[in-house]
Amino acid sequence: MVEALIIGLTQLLSWPLILFVFAGALLGMLFGLLPGLGGPVLLALLLPVTYGFAPESAVVLLTASLGGVAFGGSISAIIINTPGTASNAATTFDGYPLARQGRASEALGVSATASALGAIFGVLVLILLLPVAQQIILAFSPPEFFWIAVLGLAVIAFVSGDSFLKGLVAGGVGLMISFIGYSGVTGTYRYGFGTEFLWAGIDLIAAIIGLFAIAEVIKLTVEKSETIAQFTGEGSTGRGQLKGIKHVLSRPVLFFKSATIGTLIGLIPGAGGSVANFVSYISALQSSDEPERFGQGAVEGIIASEASNDAKDGGALLPTLVFGIPGSATTAVLLAGLVVHDINPGRQLLGEDLSILFLLLFALILANIVTSGVGLFAAPFLAKATHVPVRILIPLILIVSFLGSYALRGNVGDVVVAVAFGFLGYAMIVYSYSRVAMIIALVLGPLLENSFVQSLQMSRESYWIFVTRPISFVLMMLVLLIVLVPLIQLGKQRLEAPRVGGGHDE
Amino acid sequence: MSKNNLSDNPLLKRVVTAISPDRVELLFTLVLVLFMGTLLWQTFGYEDFGKIIPLIVATPTFVFLLVILAAAISPRVNEMLNEYQVRDIIDVDEIEQFTQESEDSESDVYDQRLEFIGITLWIIIFGLLFHYVGAVESITIVLLGYYRITAKQNVVRTVLYTGITLLFIYLVFDMVLEMRLFTDSWFAFLLP
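Protein chains in written order, with the working numbering: chain A, 1 to 506; chain B, 1 to 192.
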């Protein structure tokens, strides 16, 4: 393990990989900065670019991009009150009020420091868990993988949208689409409608390009956005960065609590940063002696949101890299990128490709340090990118989307798939169906079905195999817990509601 | 006829806004119901292992879609359905950002639909040209057309942006990825 760690670190510092870290980090920061684009779009667009790369170069470029997005999103959240990604939404609550008070640089300093330290914390936890993960993975076989897939899907249904039912539907439709094509495990060709094109199923990358990049093009056009930034703030960007750094360093308890929340939520497949930053923010608010300052420009709010948001990347990488179950849409695309380069999660990555795993983790840490460093000094200038007219960006995003889908197999059919998913994605935005739920379902669908069928084959078609194995049983209970607790909470709220209403009437 | 004159045409306005936003949502839900219903129907025809999981997934999804369809038709069902929201599970109602909602006026809907039709046409044109004429040619036409007509850029900027984009595509897709998009294109004579 130590040898692999040293190899990974040496590779990262070699030419041209170190260049890819900087390029990826800056690209990530730029895409994070542009609301609506974010990690999945950038990774989906970068993926075809890496086809001709060596696996190490591709891993570094993709991971560094992922690392750059999280902090990038906080810049526009603070300066123009528009979170670059959903994961930065809670940063606006106190970041923008600080900017309005002429303390934008201070807020950016807080965000940059909390982001970089949060990312390092998340990756360190991941490295510490790796030896255990290796043991765990050997104990996992099809029944456990089945429950992990169900766990990922169960969490998605609750966290990825405003409407519970629509979240479930998005996941269900995604799963059914993932079953299209020939299945080697079940030995059937399904939902092909007599076409040859669907024999290999719907390409995940084409679907992702459509759901995120093309859907955003349509959305930006329909909203008639002049620039991606919809609101021009008046926040000053003076010299408060150092003060911002001190704010984070002087609140270690808050930082560790927030980073731990982020890492733990990241570990749960499907939960993602959009949940982590809210949970962490609410936790910081509840434990504060001066909760009334939250929403008025409390630096604690930014620390909580950004530390958890960046720490969750380390956590989310564990299920992604160890079990092949992405924790978010971004890690789903990253996972696809790894598989394209013949780097398979699980035993291979924890065994013969362990040095690549460390390369990936160090790239993530370095990318976060780079973006935070650059952000401290250049954020005010970078924010101007949000003022590039949308009309200039739209054809460029469309072209890269078309070429990206076409480059997969040189088949125009994949472009058609991307366009179809683009319109579907736009409709999902308008009618509040979760696109993240659909993407995760598309990724988890084959695992869910294959592990289910393989388990039945292992047990000679006895369903007891799903509950009699210890880990399977624990996972099943976890699934039940995740499904039942919110429902019980809801039931309790509904029971208490009339009493509260009655009180008011009196 | 200029774009402004065209958009002021009352007949066009009537056609474009003929279907209310609620009806469009209903149509979208109906499409999903039909799609899921078709898949569910097909599932019954597969062998045992090939249909277990799809049946487990498609049946509740289809039922949920019917509930959503009912909510789109009946305001009472919609009211009941809206009680089950994430905001009820995670208590975030006190935060102002979660409580902001907006209603689109009729003219907003008309403008948004015109924009939607515009970008849809560009995507369709791009797709058709991409398939029948070629990748590089379609990119050139779309860039020149979009920047000049939709983005209203002057000729110099239109040509400049198009040129820079084509150069970027050549460097990334032809030089790095060796996809040879330019080999049989209009610009083949420029290649070294």
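Don't be surprised by glycine CBs; every beta carbon is placed ideally from N, CA and C.
- A Cβ-Cβ distance of about 16 Å is found for the pair A/Ala112 and A/Thr92, leaving them out of contact under the 8 Å criterion.
- Where A/Tyr51 is concerned, there is no enclosing beta strand (DSSP E), because DSSP gives it neither an H nor an E.
- A/Leu350 sits close to A/Ala133, with the two beta carbons spaced by under 9 Å.
- Proximity of B/Trp186 to chain A, defined by a Cβ-Cβ separation below 9 Å, is not satisfied.
- Residues of chain B whose Cβ lies closer than 8 Å to the Cβ of A/Thr221 are, in chain order, Glu115, Phe116, Gly118 and Ile119.
- The stretch 114-127 of chain A and the stretch 451-469 of chain A do not touch, with fewer than 3 CB-CB distances between them shorter than 8 Å.
- Residues of chain A with a Cβ closer than 8 Å to the Cβ of B/Ile169 are, in chain order, Ile399 and Leu403.
- Interface flag for B/Tyr147 against chain A is set, since a Cβ pair is found closer than 9 Å.
- Annotation for A/Tyr182: the continuous beta strand (DSSP E) segment containing it runs Gly181 to Ser183.
- Straight through space, the alpha carbons of A/Arg347 and A/Lys224 are spaced by roughly 48 Å.
- Within the stretch 26-37 of chain B, contact with chain A at the beta-carbon level (separation under 9 Å) is assigned to Phe28, Thr29, Val31, Leu32, Phe35 and Met36.
- For the 9 Å CB-CB criterion, A/Gly375 and A/Met29 form a contact.
- As the crow flies, the alpha-carbon of A/Ile394 is around 13 Å from that of B/Leu144.
- For the stretch 181-205 of chain A, the beta-carbon criterion of a distance under 8 Å to any beta-carbon of chain B is satisfied by Ser183, Val185, Thr186, Gly187, Thr188, Arg190 and Tyr191.
- Taking C-alpha positions only, B/Val57 is separated from B/Asp174 by approximately 43 Å.
- Contact annotation: in the stretch 424-458 of chain A, residues whose CB is within less than 7 Å of a CB in chain B are Ala427, Tyr431, Leu448, Glu449, Phe452 and Val453.
- In the three-state scheme derived from DSSP, where H, G and I count as helix and E and B as strand, A/Arg190 is classed as strand.
- With respect to the 9 Å criterion, A/Ile356 and A/Ile343 are classified as neighbours on the basis of their beta carbons.
- Taking all protein chains in view, the Cβ of A/Tyr463 is surrounded by fewer than 16 other Cβ atoms within 10 Å, so the residue is classified as exposed.
- Three or more Cβ pairs drawn from the stretch 165-180 of chain A and the stretch 51-66 of chain B lie within less than 8 Å of each other, which places the two stretches in contact.
- Of the candidates A/Trp147, A/Ala149 and A/Ala215, the residue whose Cα lies closest to the Cα of A/Pro40 is A/Ala215.
- B/Tyr132 sits exposed, since fewer than 16 C-beta atoms from the chains shown fall within 10 Å of its C-beta.
- Per DSSP, B/Phe35 is one residue of the alpha helix (DSSP H) stretching across Pro21 to Thr43.
- For B/Phe62, the enclosing alpha helix (DSSP H) covers residues Asp48 to Ile73.
- Under the three-state reduction of DSSP, A/Ser163 is assigned to strand.
- In this structure, A/Ile399 places its C-beta atom within 9 Å of the C-beta atom of B/Val142.
- Straight through space, the alpha carbons of A/Asp310 and A/Ala119 are spaced by roughly 5 Å.
- About 6 Å separates the Cβ atoms of A/Leu62 and A/Leu43, confirming a contact at the 8 Å cut-off.
- Cα atoms of A/Tyr433 and A/Val2: separation of roughly 45 Å, rounded to the nearest angstrom.
- DSSP places A/Val412 in the uninterrupted alpha helix (DSSP H) bounded by Val412 to Val430.
- Between A/Ala107 and A/Ala99, the CB-CB gap stays under 9 Å.
- Beta-carbon to beta-carbon, A/Ser401 and A/Val417 are separated by about 11 Å, too far to satisfy the 8 Å threshold.
- Listed along the chain, the chain A residues whose CB falls inside 8 Å of the CB of B/Val142 are Pro395, Leu398 and Ile399.
- Among the residues facing chain B, A/Val169 is included, as its CB has a counterpart in that chain under 9 Å away.
- Membership of A/Asp310 in the alpha helix (DSSP H) is indicated by the continuous run Val299 to Leu318.
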